[in-house]
Amino acid sequence: MYTFDVNDMTCGHCVQTIETAVKGVDGAAAVTIDLTDHAVKIASAEPASSFADAIKDAGYTPQLRA
Ligand SMILES: [Cu+2]
Numbered sequence: 000m001y002t003f004d005v006n007d008m009t010c011g012h013c014v015q016t017i018e019t020a021v022k023g024v025d026g027a028a029a030v031t032i033d034l035t036d037h038a039v040k041i042a043s044a045e046p047a048s049s050f051a052d053a054i055k056d057a058g059y060t061p062q063l064r065a
């Protein structure tokens, strides 16, 4: 399970865009997005860096929560 802080995710449209980006890396990933907390939680066997790159490519700034 990875949690990314995405502070420039501000509305439902951002949530949809990021969810699509995550599913593009792993269609079987379980994605939970908390807009209030600006958190994107991903359960997947793919590496965190792949999701970070996809979220960046979608135009956002992900920071992997330690
Ligand atoms: Cu938005």
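Counting in numbering that gives the first Met the number 0, the sequence shown runs from 0 upward without gaps. All C-beta atoms in this analysis are idealised placements derived from N, C-alpha and C, irrespective of residue type, glycine included.
Three-state secondary structure (DSSP) of residue i
| i | result |
| --- | --- |
| T35 | coil |
| D56 | helix |
| T9 | coil |
| A44 | coil |
| A51 | helix |
Exposure of residue i, with buried meaning 16 or more beta-carbon neighbours within 10 Å
| i | result |
| --- | --- |
| M8 | buried |
| A65 | exposed |
| A20 | buried |
| A44 | exposed |
| P61 | buried |
| A29 | exposed |
Test: residue i CB closer than 9 Å to a CB of chain C
| i | result |
| --- | --- |
| D36 | The displayed structure is made up of one protein chain only, and chain C is not part of it. |
Among the options, nearest to residue i - alpha-carbon criterion
| i | options | result |
| --- | --- | --- |
| I32 | D25, I41, A53 | I41 |
Contact test: residue i Cβ vs ligand 3 heavy atom, cutoff 8 Å
| i | result |
| --- | --- |
| I54 | Looking for ligand 3 in the displayed structure turns up nothing; the ligands present are ligand 1. |
Could you please go through the chain and list the residues whose beta-carbon is closer than 5 Å to any non-hydrogen atom of ligand 1?
Output, sorted by chain position: T9, C10, H12, C13.
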